[in-house]
Amino acid sequence: MSATDNRFTIHVATVNGSGSQTANTTLLRALFQMGIPVSGKNLFPSNIAGLPTWFTIRANDQGYVARHKRYDLLVAMNPETSVSDIAAMEPGSVLVVGDGLPMPAVTPDRTLYKVPFTKLIEPLVADAKLRKLVVNMIYVGVVSWLLGIDPDEVDRALTGQLGRKPKALEMNRAAVHVGYKYAEDHMKRTPFQARRMDRTSGRILIDGNHAAALGALFGGVTFLSWYPITPSSSLAEQLEGLLARHRRDRATGKATYAVIQAEDEISAIGMVLGASWAGARAMTATSGPGLSLMTEFTGYAYYAEIPAVIWDIQRIGPSTGLPTRTSQADLLSVAFLSHGDTKHVMLFPATVQDCYEYGMRAFDLAERLQTPIFVMSDLDIAMNTWMSEPFRYPDEPWDRGKVLSAEDLARIGTFERYRDVDGDAIPYRTVPGTNHPLAAYFTRGSGHDEQARYTESAEAYPRVMDRLARKFETAKTLVPAPLVEAVPGAGIGLVAYGSTHHAMAETRDRLRADGLTSSYLLLRAYPFPEEVERFLRGHERVYVVEQNRDAQMASLLRMEYPELAGRIRSVLHYDGLPIDAESVLSGIRTSERAEVTTR
Amino acid sequence: MSTTPNPNVNRIGLTAADYKGSKSTLCPGCGHDAITGSIIQAAFELGLEQYRVAKLSGIGCSSKTPAYFLGRSHSFNAVHGRMPSVATGVHLANRSLVLMGVSGDGDSASIGLGQFCHLVRRNVPVVYIIENNGVYGLTKGQFSATADVGTRAKSGQVNEMMPIDLCEMAIQLGCGFVARSFSGDPKQLRPLLKAAFSHRGTSVLDVISPCVTFNNHEGSTKSYTSMKEHDAPLHEVTFIPHFENIEVDYAPGETREVTMHDGSRIVLRKLEEDYDPTDRMRAIAVIERGRVENRLATGLLYQSAGKMSLDQDLELIDEPLSSLPLERVRPPREVLEKIMAGLMTGGG
Ligand SMILES: Cc1ncc(C[n+]2csc(CCOP(=O)(O)OP(=O)(O)O)c2C)c(N)n1
Ligand code: SF4
Ligand SMILES: [Mg+2]
């Protein structure tokens, strides 16, 4: 095997809405089926059809699945972008370019193949509209020949997608063959080759939103309300699909769930709070602009202590911002969302597996802690395709928290909604419909005492606020602990969270090659469990790597551990594209060099 | 069943006092307190089980009132204008609950107009009471969106903008129970309130409720005096609940009767004209004509039983979603295994 075998990146440039998704998925899956670790990233415009779109497939035998900036093979199909797409390719790369596309000069250290896609597709497909879709399959054939992808796996991947439509399958299959044959006759195999290996067997390919939806389904969600916004819509839509298929009552055929497409995000969260207050497992999914609208209600839920699960699939900016670009820039606004003294619990899924697990666990936490739980996903993790171990069926029961039934009340003989009975600062609640004279209480955002009575008392308010602060301490012991890889004698510590995690293994391997060993902490929740402090104390310099401009996680850490603030450095990435190891490395190297010269 | 032997005790053995809440903190004479009184009396007469009722409100003097009635019911005093969304969630979580929504004209016609409309569109079963005083009481007397053209504020400012008529809007949005009344007319309000509980779907009651502190002066169209002059009842309303077998003593041709989902009946005794509350066009016409003639038609404006309520629309199971055990909401292991197998091969 050569060093470039199973180590390459394919970059496909097409037009949005041109149906390239099936083609790209076929290539991705075929590689995956050959046992090679892969990831697929869709870089798409905020547009339904007509604007440029790119799909990048990274195959990597070491299992590095973060974005890779260098592309080894380009498929240029879009006349609008072909000039810059081609110009960006580096020496040693291979270019497959549609015949007649505008082109810059290409130096001989790049291999250029022009493919007459139009001429090749014409005899295969009579309908001109259909032709535009099927033509993509020709590059599937070309690329599989160039990279030595097993044609049987290509066919299997294609059948997996189109198996239910025999006519479409035949047509697409024919196009793949034509591309394959054309490459065989006119091209040379590339230096990077796909070779069968065994690093994917038993694994799945899935996007984070689908994983989250599955988590919610198996977590026993009973209520979802949402308002469409990219990149969160596919979570709600996939969940609704799953519920419709798997959550009709066997006996009656009726729904054991309710889904409402609300009129806006204020309503979406209002419905979640109403449902949750009345005892349902309720959630919503949104992105930045939607969160802004949820502000007052989330503060209300914090203060009135109502469970809620809120998925924030982070994207860039207010209004339209860059709705199809990824970011981790909602942290600070979510941590303190709403006015007054509010603090919220956040979970940071780093993998699709996490999305699934938190899809369930967020409900347990919300109901245990009686507070909103924000799951801080992002576009990269949510909408791109990732490998994973298959998801585990939950054998443990759910945790519905401290809810008193009529029988409980009869036994205990007393109930105060906001009294800390157990010393963990989490009170007991009842739900409406509980048939006991003690059950009812009045839920309000205004000042209340332990018995949920209205009060403006200068003693009662701070008492409630202090208990809520103690409840936040309890949260530290219940949220997922960070994953720590402490290397004895490590020169530096690295901290990452969410999708940034995927660039870290590669970063650390390459740092080690430089002679710099590092420890690593993957943050999984806010408030920070105690392991975080230990990690900070254990390293003189800690790099917090994140995808925002203002070092938002580093700020939260500095706030939490002011005496350790001096140790914290930042590596920041915020161009909207998923973070890559090269960028992290250059950040750390620059900073480390400065460190050495100033000492 | 005939009438209860002891008139001080209702069919579930409670007295009217049992339906009270805590003491009101509103201004003495506030219309909202009178509505509270009518709610207590109506709930008592209906024999409502308080544990089955959830009270919901927004923000305003009006939205405070759920604290003053049905003290044994759960209550959710939400944020300003957003009670309808909370009601929607509560209903879907537990469709066996009886929901009462209390709001103000600012809460429903200004900040919460969107949510109000969507609640009605979705036909969420809730008795939705708007305590309409034409001003923001709690923030000290600014005009609300229901203030009539020409109304003069205490400050002397005159409103020139068209008022929003929530009843007319509700009818347009497909509401199947729309009534208007006056806090000072408990004889009309009480039977309407009771009837609203028999409607399966959203019932909207717009109740003119004078704000004695900020909108009860001359020049206000929502003052006690103005209401006494311009209130134009469409009929005399009697409500006969399904559990009572009473015959009303009216001459033939004198009345119209509406039968509700649960078998309860509303008997409407004709006044000036024969008003048919099941005629949607007529309902809108009577509201519009009132604007021109400076009269406020009160009574049962519109009633129709046809539309599916939200829970029926979503085909919810009978049991509350909130009390389903884990095994009914977590699909079995095979479901996950099948999905996982599909994601391995790409066939799923
Ligand atoms: C988001 C928000 N904006 C403003 C307020 C201030 N506010 C409290 S009550 C109210 C108006 C209430 O008017 P209405 O619903 O008519 O009730 P009333 O007091 O007249 O019964 C306003 C504007 C608030 N509580 N929340
Ligand atoms: S301000 Fe007006 S609405 Fe508020 S309590 Fe006083 S009288 Fe009633
Ligand atoms: Mg008002």
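Which chain is which? The protein sequence lines are Z and B, in order.
Anchor point for the first sequence: position 465 equals 452 in my numbering, and the numbering is continuous, going up by one each time.
To get my numbering, take the position in the second sequence, counting from 1, and add 48.
Every residue, glycine too, gets a C-beta built ideally from N, C-alpha and C.
Ligand 1 has no heavy atom closer than 7 Å to the beta-carbon of residue 430/Z. Per DSSP, the unbroken beta strand (DSSP E) holding residue 29/Z starts and ends at 25 to 30. For residue 254/Z, the chain B residues whose C-beta falls within less than 7 Å of its own C-beta are 133, 163 and 166, listed in chain order. For residue 87/B, there is no enclosing beta strand (DSSP E); the enclosing alpha helix (DSSP H) has its first and last residue at 79 to 94. In the three-state DSSP reduction, residue 291/B falls in the coil class, being neither helix nor strand. Contact between the stretch 504 to 519 of chain Z and the stretch 469 to 484 of chain Z is present: 3 or more CB-CB pairs across the two stretches fall below 8 Å.
At least 8 Å separates the CB of residue 142/Z from every CB of chain B.
Each residue's CA atom was taken as its position, placing residue 436/Z and residue 464/Z some 26 Å apart. In this structure the stretch 269 to 279 of chain Z does not lie against the stretch 193 to 201 of chain B, because fewer than three pairs of beta carbons, one per stretch, are closer than 8 Å. With respect to chain Z, the C-beta atom of residue 372/B has a partner C-beta closer than 8 Å.
With respect to the C-alpha of residue 252/B, the residue from 165/B, 66/B, 93/B and 264/B having the closest C-alpha is 165/B. Residue pairing from DSSP leaves residue 497/Z without any beta-bridge partner. Contact between residue 96/Z and residue 78/Z holds, since their C-beta atoms are separated by about 4 Å, short of 8 Å. 8 Å or more divides the Cβ of residue 138/B from the Cβ of residue 105/B. Taking residue 354/Z as the centre and dropping the five residues before and after it, the same chain places the C-beta of 294, 386, 387 and 388 closer than 7 Å to its C-beta, in chain order.
Excluding sequence positions up to five before and after residue 140/Z, its CB lies within less than 7 Å of the CB of 17, 20 and 21, all in the same chain and listed in chain order. For the pair residue 355/B and residue 541/Z, the Cα-to-Cα distance works out to about 55 Å. In the three-state reduction of the DSSP assignment, residue 363/Z falls in the strand class, which pools E and B. Those residues that bring their Cβ nearer than 5 Å to a heavy atom of ligand 2 are 74/B, 75/B, 78/B, 109/B, 185/B, 259/B, 260/B and 261/B. Counted as a single uninterrupted DSSP element, the beta strand (DSSP E) harbouring residue 472/Z occupies residues 470 to 472. Taking the CA atoms as reference points, residue 257/Z sits about 22 Å from residue 372/B. The secondary-structure analysis by DSSP pairs residue 272/Z across a beta bridge with 298/Z.
Distances from the alpha-carbon of residue 106/Z to those of 322/Z, 93/Z, 125/Z and 92/Z put 125/Z closest. With distances taken between CA atoms, residue 417/Z lies nearest to 266/Z out of 266/Z, 164/Z, 94/Z and 81/Z. Going by DSSP, residue 72/Z is part of the alpha helix (DSSP H) stretching over 69 to 74. For residue 187/Z, there is no enclosing beta strand (DSSP E), as DSSP gives it neither H nor E. Not a single CB atom of chain B sits nearer than 8 Å to the CB of residue 104/Z.
Close to residue 388/B, with beta-carbon spacing below 8 Å, are these residues of chain Z in chain order: 191, 377 and 378.
Residues of the same chain with a CB within less than 8 Å of the CB of residue 275/B, apart from the 5 flanking positions on each side, are 230, 232, 256, 258 and 344 in chain order. Buried is the label assigned to residue 414/Z, since at least 16 other Cβ atoms lie within 10 Å of its Cβ.
In the DSSP assignment, residue 51/Z falls outside any beta strand (DSSP E) and carries neither an H nor an E. Assigned with DSSP and collapsed to three states, residue 326/Z falls in coil, not helix or strand.
Among the bridge pairs identified by DSSP, residue 124/B is matched with 430/Z and 104/B. Look at residue 480/Z here: in three-state DSSP terms it is strand. Neighbourhood of residue 283/Z in chain B, by CB distance below 7 Å: 127, in chain order. Of the other Cβ atoms in all chains shown, fewer than 16 fall within 10 Å of the Cβ of residue 208/B; this residue is therefore exposed.
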